[in-house]
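Student:
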Amino acid sequence: MDLVTEITIFVLAAFVGFEVISKVPTTLHTPLMSQTNAIHGIVVLGGLIVIGYANSTLDEVIGLIAIIFGTINIVGGFMVTDRMLEMFGTKKKKPAATPESGGEPESGDGAE
Amino acid sequence: MMPLAALAPDSGLVGLLYIVAFSLFIIGIRFGTHPTTARRGNGIAAVGMAVAVITTLLLQGIGNWGLIFAGILIGSVIGVVASKRVQMTAMPQMVALYNGLGGGAIALIAWSEYRHWVHQGGELDKLQQVSDFIGGPQISAAVPLEVMIPSLFAMVVGSVSFWGSNVAFGKLQELIPSQPMKVPGQQVINALLLIGIVVGGVILSINNEYLDLSQPLFIAMLVAAAFLGTMVVLPIGGADMPVVISLLNAFTGLSAAAAGIALDNTALIVGGTLVGSSGTILTLEMATAMNRSVANILFAGFGSPATAGAGSQEERPHRSMTAQDAAIQLAYADSVVVVPGYGLAVAQAQHAVREMADELEKKGVSVSYAIHPVAGRMPGHMNVLLAEADVPYEQLKEMDEINPELPQTDVCVVIGANDVTNPAAKTDESSPIFGMPIIEVDEAQQVLVLKRSMSPGFAGIDNDLFYHPKTAMVFGDAKQTVSDIVSELGEL
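So the protein lines, in turn, are chains A and B. Taken in order, the first sequence gives residues 0 to 111; the numbers are from numbering that gives the first Met the number 0. Taken in order, the second sequence gives residues 0 to 491; the numbers are from numbering that gives the first Met the number 0.
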């Protein structure tokens, strides 16, 4: 792909990003930030690519660390965002409420 | 080696799958504009990520499976455990840490990509293969500039973000003093580091055919960027952390986009750019909320001991009140506005505050919450903490919305907030926070301040509000005091 095409994509994505993100209310800025944190975990793709052609131990170590970092970013980021948004979504969560809500033990928002 | 049919990296199918992935990111963020749909949006974005990762794993030329799966496994385990364990109060640290990891990963990838181009030497076969694989140009001995420049950018900015985020994490976790730390000649050192990095980049780009010479210079740039990241964040006070975290977030995003350009990967370009936009918007919003420019926050050493107007707090008279009296005052009000600050979060008092609001509402008192944009340690942090305590988000009022209502408010309860209520921001031109928009608590009829002692806040600035005639201080641990008020209210 040539550089100009890539810069075109970059500029258009920046406009889309500004448009969409400026509509996110203040209330949701923390989840927004942790979600975008998860999204920049997409650098893991770079890690997957470079480790494929690593030709020295150093390169393998660099690639491995990059993949670990990126995966922590993705998995941790999306999960913690989910934990936060769960608290926003449900209005009144009384434990005994609906029978079909039984299947989610992870919702015991740990903080005391 | 790969059981599934491997995809040619430059095939249309790969491009299409990447389009699916980044479209899901955008749709996911779009759903994030409302509290009731945001969770689904997060799930949609996560699906997009899965599409991007699986597509990449299927690419021809991807190898080293043992390391790839080890990396994914280790990363997933750490990510799952960390996200389950983290307290909502510690969210800013967590985001800073994740942000640093992202920046670090980008810097490493850029380094590896650079090494890959440099290290070819005699292995032109392999180089040709890889060049085809990443859609790169025909082989020449030189690192092509369209790889070189974005790689250097990604490496430098990623490294600044990694080290800066780690320092921010250290400050938020209080491993490093949160007070601004100044080194003599700081600005000069930072400027020299930046100039050195730019010069190094130019030299590498000009000499892109003399590869063997370049590696030490590249590493020198990596080290300089590490110093720059550390030196820029170290002097910034804790109260400015929301801006710093947002800015580092933007940096990481931009460096990811640059890495995407170096690697010819559209999903990376768009994903990184979205994060860059988000970080930039939040940075500007936070800076506006403090009435300061981003440059001022980064370079002025806000609230440093030299400029803070502290020192006189011991001698000045103030009025204090018991929890019982406070409960009576609240019960006979018509309207109460709670102004929560980070102290509330530290004391884990958000649940007690919700109970207090419930008791008051039972008595026909209307309760709302005034949230300053920089309450807490990251954008929107206070909202998350209150949501955790099941406070309905309709009761959370933004600063501009609540300020006109404050003169008609009977009682304002300030819990663990300090600088964001300091009237000096409006009146005292010599104050370091002069001009910062505040919650105008001093406009309310009566003010209750729940606080441990008269000590100044995170930024180290004394607050005139505490000495105002209509202010009563209720000393003690915020959670304990609020619980006492709740039980007193129950008896009234």
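C-beta: ideal position from N, C-alpha, C; glycine also. Because the structure is a prediction, the values reported are computed rather than measured.
Using a Cβ cut-off of 9 Å, which residues of the segment 66-82 of chain A contact any Cβ in chain B, in chain order?
Tutor: From the segment 66-82 of chain A, only Ile66, Ile67, Phe68, Gly69, Thr70, Ile71, Asn72, Ile73, Val74, Gly75, Gly76, Phe77, Met78, Val79, Thr80, Asp81 and Arg82 have a Cβ closer than 9 Å to chain B.
Student: Using a Cβ-Cβ distance cut-off of 9 Å, determine whether B/Leu343 contacts chain A.
Tutor: Walking along the second sequence from the start, residue 343 of chain B turns up at place 344. Taking Cβ atoms only, chain A never reaches closer than 9 Å to B/Leu343, which makes this a no.
Student: Short of 9 Å Cβ to Cβ, which residues in the segment 82-94 of chain B face chain A?
Tutor: The residues in question are Ser82, Lys83, Arg84, Val85, Gln86, Met87, Thr88, Met90, Pro91, Met93 and Val94.
Student: Since B/Met472 sits in a beta bridge, which residues does DSSP pair it with?
Tutor: As a first step, residue 472 of chain B must be located in the second sequence, where it is residue number 473. For B/Met472, which the question treats as bridged, DSSP gives the partners B/Ser319 and B/Val448.
Student: Identify the continuous alpha helix (DSSP H) that holds B/Ala37 and give its terminal residues.
Tutor: The residue you call residue 37 of chain B lines up with position 38 of the second sequence. From DSSP, the alpha helix (DSSP H) with B/Ala37 extends over Ala37 to Leu56.
Student: Between B/Val274 and B/Met230, is the Cβ-Cβ spacing less than 9 Å?
Tutor: As a first step, residue 274 of chain B must be located in the second sequence, where it is residue number 275. As a first step, residue 230 of chain B must be located in the second sequence, where it is residue number 231. No, the pair does not count as a contact, with Cβ atoms beyond the cut-off.
Student: Residues in its own chain within less than 7 Å of A/Gly46 by CB, not counting five upstream and five downstream?
Tutor: Locating residue 46 of chain A in the first sequence gives position 47, where the first residue counts as 1. Cβ within range, chain order: Gly62, Ala65, Ile66 and Gly69.
Student: Which word fits B/Ala49, buried or exposed, when buried means at least 16 other C-beta atoms lie within 10 angstroms of its C-beta?
Tutor: Here residue 49 of chain B refers to the residue found at position 50 of the second sequence. It counts as exposed.
Student: Within 9 Å (strictly less), CB to CB, does B/Pro422 reach chain A?
Tutor: If you number the second sequence from 1, residue 422 of chain B lands on position 423. No, B/Pro422 does not count as interfacial toward chain A.
Student: Could you give the DSSP three-state label for B/Glu439: helix, strand or coil?
Tutor: Within the second sequence, residue 439 of chain B is the residue found at index 440, counting from 1. Residue state, collapsed to three classes: coil.
Student: Should B/Leu447 be labelled buried (16 or more other beta-carbon atoms within 10 Å of its own) or exposed?
Tutor: The residue given as residue 447 of chain B occupies position 448 in the second sequence. Per the 10 Å Cβ criterion, buried.
Student: How is the alpha helix (DSSP H) around B/Ile460 delimited, first residue to last?
Tutor: Translated into the one-based positions of the second sequence, residue 460 of chain B becomes position 461. Unbroken run through B/Ile460: none, as it is neither H nor E.
Student: Kindly list the residues whose CB is nearer than 6 Å to the CB of B/Ala348, restricted to its own chain and excluding five residues on each side of it in sequence; keep chain order.
Tutor: Position 349 of the second sequence, counting from 1, holds the residue named residue 348 of chain B. Closer than 6 Å at Cβ, skipping near neighbours: Ala477, Lys478 and Val481.
Student: Evaluate contact between the segment 74-84 of chain B and the segment 42-61 of chain B, counting only Cβ atoms and requiring at least three cross-stretch pairs below 8 Å.
Tutor: No, because fewer than three Cβ pairs between the segment 74-84 of chain B and the segment 42-61 of chain B fall closer than 8 Å, the two stretches do not touch.
Student: Who are the Cβ neighbours of B/Thr408 in its own chain at under 6 Å, not counting the five residues just before and after it?
Tutor: Looking up residue 408 of chain B in the second sequence gives position 409. Contacts found: Ser334, Val336 and Ala443.
Student: For the 8 Å Cβ check, are there 3 or more pairs between the segment 252-262 of chain B and the segment 380-399 of chain B?
Tutor: Judged by Cβ distances under 8 Å, the segment 252-262 of chain B makes no contact with the segment 380-399 of chain B, as fewer than three pairs qualify.
Student: Please list the terminal residues of the continuous alpha helix (DSSP H) segment that includes B/Ser254.
Tutor: Position 255 of the second sequence, counted from the start, is the residue given in the question as residue 254 of chain B. Element bounds for B/Ser254: Met240 to Leu262.
Student: Could you please give the first and the last residue of the uninterrupted alpha helix (DSSP H) stretch that includes B/Ser204?
Tutor: If you number the second sequence from 1, residue 204 of chain B lands on position 205. Taken as a continuous stretch (DSSP letters only), the alpha helix (DSSP H) holding B/Ser204 covers Gln185 to Ile205.
Student: To which residues does DSSP link B/Leu100 through a beta bridge?
Tutor: For the purposes of this step, residue 100 of chain B is taken as the residue at position 101 of the second sequence. Looking at the DSSP assignment, B/Leu100 forms no beta bridge with any residue, so it has no partner.
Student: Under 6 Å Cβ to Cβ from B/Pro149, same chain only, skipping five residues before and after it: list those, please.
Tutor: What you label residue 149 of chain B is simply residue 150 of the second sequence in a count that begins at 1. Taken in chain order, the residues that qualify are Ala257, Ile260 and Ala261.
Student: Using only alpha-carbon positions, find the residue among B/Ile26, B/His33 and B/Thr55 that is nearest to B/Leu12.
Tutor: Working through the second sequence from its first residue, we reach residue 12 of chain B at position 13. The option with the nearest alpha carbon to B/Leu12 is B/Thr55.
Student: In this structure, how does DSSP classify A/Pro24 when only helix, strand and coil are distinguished?
Tutor: Numbered from its first residue, the first sequence carries residue 24 of chain A at position 25. Note: A/Pro24 maps to coil in three-state DSSP.
Student: Which first and last residues belong to the alpha helix (DSSP H) in which B/Pro149 is found?
Tutor: Residue numbering aside, residue 149 of chain B sits at position 150 when the second sequence is read from its first letter. B/Pro149 -> alpha helix (DSSP H) spans Leu144 to Leu171.
Student: Please determine, among B/Asp441, B/Arg114 and B/Ile25, the residue with the shortest C-alpha to C-alpha distance to A/Asp58.
Tutor: Within the first sequence, numbered from 1, the residue matching residue 58 of chain A stands at position 59. Measuring from the Cα of A/Asp58, the nearest candidate turns out to be B/Arg114.
Student: Could you give the DSSP three-state label for B/Ser430: helix, strand or coil?
Tutor: Taking the second sequence and counting its residues from 1, one reaches residue 430 of chain B at position 431. Coil.
Student: Expressed to the nearest angstrom, what Euclidean distance is found between the alpha-carbon atoms of A/Asp1 and A/Thr35?
Tutor: Start at 1 with the first residue of the first sequence, and residue 1 of chain A comes out as number 2. Start at 1 with the first residue of the first sequence, and residue 35 of chain A comes out as number 36. Cα-Cα distance, rounded: 27 Å.
Student: Taking B/Met240 as the query, report the chain A residues whose CB atoms sit under 8 Å from its CB, ordered along the chain.
Tutor: Position 241 of the second sequence holds residue 240 of chain B. Neighbours of B/Met240 on chain A: none; closest Cβ ~12 Å, over 8 Å.
Student: What does DSSP give as the partner residue(s) for B/Tyr368 in the beta ladder?
Tutor: Indexing the second sequence from 1 puts residue 368 of chain B at position 369. Its beta-bridge partners are B/Val337 and B/Leu395.
Student: Can you check whether the C-beta of B/Met48 is within less than 9 Å of a C-beta belonging to chain A?
Tutor: Position 49 of the second sequence, counting from 1, holds the residue named residue 48 of chain B. Taking Cβ atoms only, chain A reaches closer than 9 Å to B/Met48, which makes this a yes.
Student: Looking only at its chain, what residues have a beta carbon closer than 8 Å to the beta carbon of A/Gly76, apart from the 5 residues adjacent to it on each side?
Tutor: Translated into the one-based positions of the first sequence, residue 76 of chain A becomes position 77. Cβ neighbours of A/Gly76 beyond the five flanking positions: Ser33, Gln34, Asn36, Ala37, Ile38 and Gly40.
Student: With H, G and I counted as helix, E and B as strand and the rest as coil, what does DSSP make of B/Val85?
Tutor: Indexing the second sequence from 1 puts residue 85 of chain B at position 86. It is coil, neither helix nor strand.
Student: Whose C-beta lies closer than 7 Å to the C-beta of B/Thr282 among residues of the same chain, with five residues either side of it excluded?
Tutor: Looking up residue 282 of chain B in the second sequence gives position 283. Once the five neighbours on either side are set aside, the close Cβ partners of B/Thr282 are Val242, Ser245, Leu246, Ala249 and Val293.
Student: Using DSSP with H/G/I as helix, E/B as strand and the rest coil, what is A/Ile66?
Tutor: Here the question's residue 66 of chain A lines up with position 67 in the first sequence. Looking at A/Ile66 - three-state DSSP - the assignment turns out to be helix.
Student: Would you decide whether B/Gly121 is buried or exposed? Buried here means 16 or more other CB atoms lie within 10 Å of its CB.
Tutor: The residue you call residue 121 of chain B lines up with position 122 of the second sequence. Annotation note: pLDDT 42 at B/Gly121 (below 50); position unreliable, no value reported.
Student: If we cut at 9 Å on Cβ distances, does B/Glu404 have a partner in chain A?
Tutor: Here the question's residue 404 of chain B lines up with position 405 in the second sequence. Closer than 9 Å: no.
Student: Taking a cut of 7 Å between CB atoms, which residues from the segment 346-378 of chain B lie near chain A?
Tutor: Here the close residues are Pro372, Met377 and Pro378.
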